[in-house]
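One structure is given below, encoded as structure tokens.
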Amino acid sequence: MSGVGGGSGPVRVPEEIITDNGKQFTDRFGKYRPRTGEVLFDKICRHNGITHRLTAPASPNQNGKVERFHGTVRPDFLDTAEAFTSLAEAQAAVDAYVLHYNTDRPHQALDPRSPVTPADRFQPVGAQQRALVDLWLPPTLDSVPAAPIEPVAADAPPVHVQEPAVQPGGPVEFDRVVPASGNLMVCQRQFWMGTQRAGMVARIWADCDLIHVLIAGIRIKTVRSHLSVNGLATLTRQGATPAGPSPLPPIEDGDAIEVERCVNRGGGVCLGQHIVLAAEILAGRRVGIRIEPATLMFYDLDTRELLRTRTNPLNPEQIKRLRGARPAGPPPRPSIEPVRVQRRASNSGIIMVAGQRVALGRLHRHQTVAVTVSETTLAIETTDGDTKVIRRTTTQPVRSIKGQRPRIATSVS
1 MSGVGGGSGP VRVPEEIITD NGKQFTDRFG KYRPRTGEVL FDKICRHNGI
51 THRLTAPASP NQNGKVERFH GTVRPDFLDT AEAFTSLAEA QAAVDAYVLH
101 YNTDRPHQAL DPRSPVTPAD RFQPVGAQQR ALVDLWLPPT LDSVPAAPIE
151 PVAADAPPVH VQEPAVQPGG PVEFDRVVPA SGNLMVCQRQ FWMGTQRAGM
201 VARIWADCDL IHVLIAGIRI KTVRSHLSVN GLATLTRQGA TPAGPSPLPP
251 IEDGDAIEVE RCVNRGGGVC LGQHIVLAAE ILAGRRVGIR IEPATLMFYD
301 LDTRELLRTR TNPLNPEQIK RLRGARPAGP PPRPSIEPVR VQRRASNSGI
351 IMVAGQRVAL GRLHRHQTVA VTVSETTLAI ETTDGDTKVI RRTTTQPVRS
401 IKGQRPRIAT SVS
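Here UniProt numbering is used: position 380 in the sequence shown is 380, and no number is missing along the way.
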């Protein structure tokens with residue numbers, strides 16, 4: 001195997017290879033932790049078109065040649081060899097032992113009356129019969145051919161090699177194989193891909209803002225990135241490559257875009273250098289924001305239900321610099337279901353709903369009543385069991401659900 005990792009150019013790549021189920025060979029099995037389905041050995045086989053076959057569990061007889069090799073090389077070579085000081089020294093010793101085994105040492109299973117060696121019975125396949133191809137290796141294993149060493153004067157100043165500049169935080173791409181469970185693990189985050197996609201190769205595009213999952217060039221998922229610049233650098237060291245353009249279509253001037261933000265305790269979100277009020281009842285909730293030239297539309301990320309509409313305070317240059325911006329989807333729509341709220345009547349029996357004053361009378365003072373707010377009517381349910389329906393005279397949205405804190409939104413079922 002000395003020609004495999006030496007960076008010496010084309011080598012003979014096998015069509016198939018068989019191994020046991022060791023963790024260094026595969027990560028397809030196991031029940032005690034999430035499995036990615038692919039380790040480095042599997043990845044090298046896939047990139048080079050090598051079929052990786054596995055033996056059945058607890059069946060070393062299915063890989064007898066390798067087991068026999070272990071039983072020979074350990075007593076004949078490893079048990080008598082001195083400690084190696086470097087990988088190159090170990091490789092040279094292994095090469096010398098293999099040469100002696102094949103050409104000098106008589107084989108015990110061959111005719112003892114005319115001792116022969118394996119080299120006398122077997123001839124290597126000629127280069128014209130086995131094509132030589134370039135072996136793919138990840139950057140962490142692909143070694144650089146050594147340059148000829150020239151003598152250096154004793155008084156020569158030390159030479160400092162400047163490493164190529166790498167753009168920190170730039171997007172990267174890498175592959176993952178969807179495991180049999182359909183639950184893909186990417187950088188300590190789980191992506192549910194479904195069992196119907198088990199065995200497929202997923203292309204991951206990641207930067208500090210977004211993570212895209214693509215299969216066969218089609219974007220399957222896009223989520224907010226949890227990676228930092230250091231996380232992207234770690235992925236690069238593990239074999240990730242600099243990414244091309246984002247899978248999202250480019251944003252043209254004047255197009256609507258969308259971002260995701262978390263609403264703070266005061267009901268506001270941060271957009272660039274602006275704090276924009278969303279709604280107090282949305283505090284602590286993650287919402288999507290559709291940004292149009294003159295309007296901000298806050299919506300639910302799961303249902304795309306329109307929650308609030310505000311005036312856009314950003315200019316076009318500020319919109320272009322927003323973190324996590326992506327092309328907008330279809331416009332969010334308001335819920336067609338009425339909203340159920342609670343109000344506590346004042347000392348004079350008056351409640352305020354969506355900017356409209358409703359007099360219930362002193363009979364209901366200090367009572368908490370339920371109000372169903374629709375587009376055209378207010379249905380007030382009093383404590384005595386009666387329901388009073390009046391015409392709605394305002395268009396203001398409902399700002400609070402309960403008459404006192406905590407205020408939590410609920411819809412009529």
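A virtual CB, placed ideally from N, CA and C, is assigned to each residue, including glycine. None of the values given here were measured: they were computed from a predicted structure.
Judged by their CB atoms, Ile18 and Thr55 are nearer to each other than the 8 Å cut-off.
Contact check between the stretch 323-336 and the stretch 255-271: three or more CB pairs, one atom from each, fall below 8 Å, which counts as touching. Taking one beta carbon from each stretch, the stretch 367-383 and the stretch 261-273 have fewer than 3 pairs nearer than 8 Å; the two do not touch.
Less than 8 Å divides the Cβ of Leu306 from the Cβ of Pro334. Per DSSP, the beta bridge partners of Asp175 are Arg203. Beyond the five residues adjoining it in sequence on each side, Ala240 comes within less than 6 Å, by CB distance, of Val172 and Phe174 in the same chain, given in chain order.
The C-beta distance from Leu271 to Pro327 rounds to 17 Å, too long to fall under 8 Å, and the pair is not in contact. For Arg46, the enclosing alpha helix (DSSP H) has its first and last residue at Leu40 to His47. The three-state reading of DSSP puts Ile401 in coil, since its state is none of H, G, I, E or B.
By alpha-carbon distance to Gln342, the top candidate from Asn315, Ala359 and Ile401 is Ile401. Beyond the five residues adjoining it in sequence on each side, Arg197 comes within less than 6 Å, by CB distance, of Val178 in the same chain, given in chain order.
The three-state reading of DSSP puts Asn230 in helix, counting H, G and I together.
Between Trp205 and Ala243, the C-beta gap is smaller than 8 Å, which places the two residues in contact.
Nearest neighbour of Val269 by Cα position, chosen from Arg310, Ala119, Asp76 and Arg340, turns out to be Arg310. Check the Cα spacing between Pro293 and each of Leu277, Ala278, Arg308 and Asn315: the tightest is with Asn315. In the DSSP assignment, Ile319 falls within the unbroken alpha helix (DSSP H) covering Pro316 to Lys320. Contact check for Val398 against Ala359 fails: the beta carbons are separated by 8 Å or more.
Just measuring C-alpha positions, the residue of Asn230, Pro75 and Gln188 sitting nearest Asp207 is Asn230.
The alpha-carbon of Arg362 is positioned some 27 Å away from that of Pro338.
Closest by C-alpha distance to Thr368, out of Ile350, Arg344 and Met297, is Arg344. Annotation for Gly182: Trp192, Met193, Gly194, Thr195, Arg197 and Ala198 place their beta carbon closer than 7 Å to its own, counting only its chain and skipping 5 residues before and after.
Our two residues, Pro118 and Pro106, have alpha carbons roughly 8 Å apart in a direct line.
With a contact defined as Cβ atoms closer than 8 Å, Glu15 and Ile50 qualify at about 7 Å. Around the CB of Ser348, fewer than 16 other CB atoms lie within 10 Å, so the residue is classed as exposed. Pairing Leu210 with Arg189 gives a Cβ-Cβ distance that is not under 8 Å. Apart from the 5 residues on each side of it in sequence, Ile319 sits with its Cβ closer than 7 Å to the Cβ of Ile257 and Ile291 in its chain, given in chain order.
Inclusion of Glu280 and Gly267 in the CB contact set at 8 Å is warranted, their separation being smaller than that value.
The DSSP assignment places 316-320 as complete runs of the alpha helix (DSSP H) inside the stretch 261-335, in order along the chain (cut-off: 4 residues). 8 Å or more divides the Cβ of Thr372 from the Cβ of Arg391. Per DSSP, the beta-bridge partners of Pro242 are Val172.
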